[in-house]
Amino acid sequence: MADSTASAQPRPAHPAGHPVYVIGAGPGGLAAAQALRARGIRAVVLERADHVGASWRRHYDRLRLHTTRRLSALPGLPMPRRFGRWVARDDVVRYLEKYADVHQLEIVTGVEVFRVERAPDGGWTLHASGGRELTGAAVVVATGHNHTPRLPDWPGRSSFTGELRHAAEYRNAAPYAGRDVLVVGVGNTGAEIAVDLVEGGAARVRLSVRTAPHIVRRSTAGWPAQYNGVLARRLPARLVDRLARPLARISTPDLSAYGLPRPETGLLTRAAEGAIPVQDVGLIDAVRTGRVEVVAAVEGFEDGKVVLADGTRAAPDAVIAATGYLRGLEGLVGHLGVLDPRGRPTVRGPRTPAGSPGLYFTGFTNPISGMLRELALDARRIARAVAKREADRASRLPG
16 MADSTASAQP RPAHPAGHPV YVIGAGPGGL AAAQALRARG IRAVVLERAD HVGASWRRHY
76 DRLRLHTTRR LSALPGLPMP RRFGRWVARD DVVRYLEKYA DVHQLEIVTG VEVFRVERAP
136 DGGWTLHASG GRELTGAAVV VATGHNHTPR LPDWPGRSSF TGELRHAAEY RNAAPYAGRD
196 VLVVGVGNTG AEIAVDLVEG GAARVRLSVR TAPHIVRRST AGWPAQYNGV LARRLPARLV
256 DRLARPLARI STPDLSAYGL PRPETGLLTR AAEGAIPVQD VGLIDAVRTG RVEVVAAVEG
316 FEDGKVVLAD GTRAAPDAVI AATGYLRGLE GLVGHLGVLD PRGRPTVRGP RTPAGSPGLY
376 FTGFTNPISG MLRELALDAR RIARAVAKRE ADRASRLPG
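Residue numbers (my numbering): 16 to 414.
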């Protein structure tokens, strides 16, 4: 089994005398650790939770990957065929547990890293829980795209007398049976929760939309949308945007009459801005049949009601805010000048920020080609870069 009880004190192993520390035991961190280990480099994974894949364990019950099983496997271990083409949440967790065991990854759970700083010898010092100060030859930050739930500070929010929760707290529709629910946000999470609520017996489901998304079929005639995403990344955005419009007219109905017009901005352009297309898992039919009502964006709360951008008010029993996440990296690495104005790393994969050699980031984008696929590719690239850096360092040592 993976070492979840090992001491966090490093043992000398590779040329620099210190391990590479990987922060986060989600898919990105595990993949990076395996790729490093495959190159003979000791990698120690530090995880603040008690298990690997902590964020996956917290996702809502009906979640399935929108990417295929074959293109979602991490380096060195295929996903079992019995998981099916679209892998369920619990099976993702089982896979991550097995991945850590099969590759005998060195994982220390219950350790949270608060701050990363340059060490005098050119490595890195990690300040962690329990007063630990760990020295690493390099650091891979893999704390995840969905780190800190973002709940907008809507005016009058405290006056709302109904239930207000972030989507991160949503598990299934059972607590909302027979109730009036407003879902805020039409990304993949908001769309899927809205459908789950309808199928789970909610009395009324409204979906608050600020900007209409691109909606694509998860699979068309057996061809997954992810394959299009992989191909699209190799083409100019302008060309993909142009080709996507007629394809959308063929594959998905026009929902303008229901409050979801086709976006003006092109599909790949929107994706580059962080707005990944919504993969349809029932939203189109739910909107067309009126089971999910599309309403305007939320502007705030007043007198216990929700104020919408078109001036109307709603009085739902519950509001579920599918309003995204923050990366939560400011305290960890913000002082190093490696984040953009939105709190995202300025580099990813094998590249390191200027002035911070040996500091790597993975899993902080949501690519159209599939996050797990890109995490696997990044892991190999990071391991290659670390190995080259250590080889260069060794070549400069005397004797």
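In this text, a Cβ means the ideal position worked out from N, Cα and C, and glycines have one as well.
These numbers were taken from a predicted model, which means no experiment stands behind them.
Next item on the list: Keeping to the same chain, check which residues put their C-beta closer than 8 Å to that of Ala333; ignore five residues upstream and five downstream.
Entry: Residue mapping note: residue 333 aligns to position 318 of the sequence shown, counting from 1. The answer, listed in chain order, is Gly177, Glu178, Leu179, Arg180, Tyr191, Arg194, Asp195, Val196 and Leu197.
Next item on the list: Indicate the three-state DSSP secondary structure (helix, strand or coil) for Asp195 in the structure shown.
Entry: Counting from one through the sequence shown, the residue named residue 195 turns up at place 180. In the structure shown, Asp195 sits in a strand (DSSP, three-state: E or B).
Next item on the list: Take Met16 and list the residues in its own chain whose beta-carbon comes closer than 6 Å to its own, dropping the five residues that flank it on each side.
Entry: If you number the sequence shown from 1, residue 16 lands on position 1. Confidence in Met16 is poor, its pLDDT being 42 and thus under 50, which makes the residue's placement unreliable; the coordinate value appears in the next sentence. Closer than 6 Å at Cβ, skipping near neighbours: Asp116.
Check: Between Ala46 and Ala394, is the Cβ-Cβ spacing less than 8 Å?
Finding: By one-based count along the sequence shown, residue 46 stands at place 31. By one-based count along the sequence shown, residue 394 stands at place 379. In contact: Ala46 and Ala394 (Cβ atoms closer than 8 Å).
Notebook entry, point to check: Apart from the five residues just before and just after Gly138, which ones in its own chain have a Cβ nearer than 8 Å to its Cβ?
Noted result: Walking along the sequence shown from the start, residue 138 turns up at place 123. Excluding sequence neighbours, Gly138 sits near Ala31, His33, Thr150, Gly151, Ala152, Ala153 and Gly373.
Margin query: Could you tell me the alpha carbon to alpha carbon distance between Tyr36 and Val123, rounded to whole angstroms?
Written below: Within the sequence shown, residue 36 is the residue found at index 21, counting from 1. Within the sequence shown, residue 123 is the residue found at index 108, counting from 1. Each residue's Cα considered, the two are about 11 Å apart.
Next item on the list: Please report the residue range of the beta strand (DSSP E) in which Tyr273 lies.
Entry: Here residue 273 refers to the residue found at position 258 of the sequence shown. Tyr273 -> no beta strand (DSSP E), and no H or E assigned at all.
Next item on the list: Mind checking which residues open and close the beta strand (DSSP E) that includes Ser223?
Entry: The residue you call residue 223 lines up with position 208 of the sequence shown. Looking at the DSSP string, the run of the beta strand (DSSP E) that includes Ser223 is Arg219 to Ser223.
Next item on the list: Return yes when the C-beta of Pro170 is under 7 Å from any heavy atom of the ligand COA, and no when it is not.
Entry: What this structure holds is no ligand at all, so the ligand COA is not there to describe.
Check: Between the beta-carbon of Ile335 and the beta-carbon of Val199, is there less than 8 Å?
Finding: Here residue 335 corresponds to residue number 320 of the sequence shown, with the count starting at 1. Here residue 199 corresponds to residue number 184 of the sequence shown, with the count starting at 1. In contact: Ile335 and Val199 (Cβ atoms closer than 8 Å).
Next item on the list: Within its chain, find whatever has a CB closer than 6 Å to the CB of Ala227; leave out the 5 residues flanking it on each side and keep chain order.
Entry: Translated into positions along the sequence shown, residue 227 becomes position 212. Cβ within range, chain order: Leu275, Pro276 and Pro278.
Notebook entry, point to check: Can you check whether the CB of Ala337 is closer than 8 Å to the CB of Gly205?
Noted result: For the purposes of this step, residue 205 is taken as the residue at position 190 of the sequence shown. For the purposes of this step, residue 337 is taken as the residue at position 322 of the sequence shown. Their beta carbons are under 8 Å apart, which means Gly205 touches Ala337 by this criterion.
Check: Using the rule of at least 16 other Cβ atoms within 10 Å of the residue's Cβ for burial, across every protein chain shown, is Asn203 buried or exposed?
Finding: The residue labelled residue 203 in the question sits at position 188 within the sequence shown. Asn203 comes out buried.
Next item on the list: Name the one or two DSSP bridge partners that Pro164 has.
Entry: Translated into positions along the sequence shown, residue 164 becomes position 149. DSSP, once it has assigned bridges, lists Tyr340 as partnering Pro164.
Check: Thr20 to Ala50, Cα distance in whole Å?
Finding: Counting from one through the sequence shown, the residue named residue 20 turns up at place 5. Counting from one through the sequence shown, the residue named residue 50 turns up at place 35. Note that Thr20 has pLDDT 37, beneath the 50 cutoff, so the model's placement of it is unreliable and the number below is only indicative. Whole-angstrom Cα-Cα distance: 22 Å.
Note to self: Would you call the region 356 to 367 in contact with the region 126 to 144, where contact means no fewer than 3 C-beta pairs closer than 8 Å?
What the structure shows: no
Next item on the list: Would you kindly report the start and end of the unbroken beta strand (DSSP E) that includes Thr150?
Entry: Within the sequence shown, residue 150 is the residue found at index 135, counting from 1. That run of the beta strand (DSSP E) goes Arg147 to Gly151.
Check: To which residues does DSSP link Ile38 through a beta bridge?
Finding: Position 23 of the sequence shown, counting from 1, holds the residue named residue 38. Paired residue(s): Leu61 and Val156.
Checklist line | Residue from Asn187, Phe129 and Val60 whose Cα sits closest to the Cα of Tyr75 | finding: Numbered from its first residue, the sequence shown carries residue 75 at position 60. For the residues Asn187, Phe129 and Val60, the minimum Cα distance to Tyr75 belongs to Asn187.
Check: First and last residue of the alpha helix (DSSP H) that includes Glu314?
Finding: Reading the sequence shown from its first residue, position 299 is the one you call residue 314. Segment Val313 to Glu317 is the beta strand (DSSP E) holding Glu314; no alpha helix (DSSP H) there.
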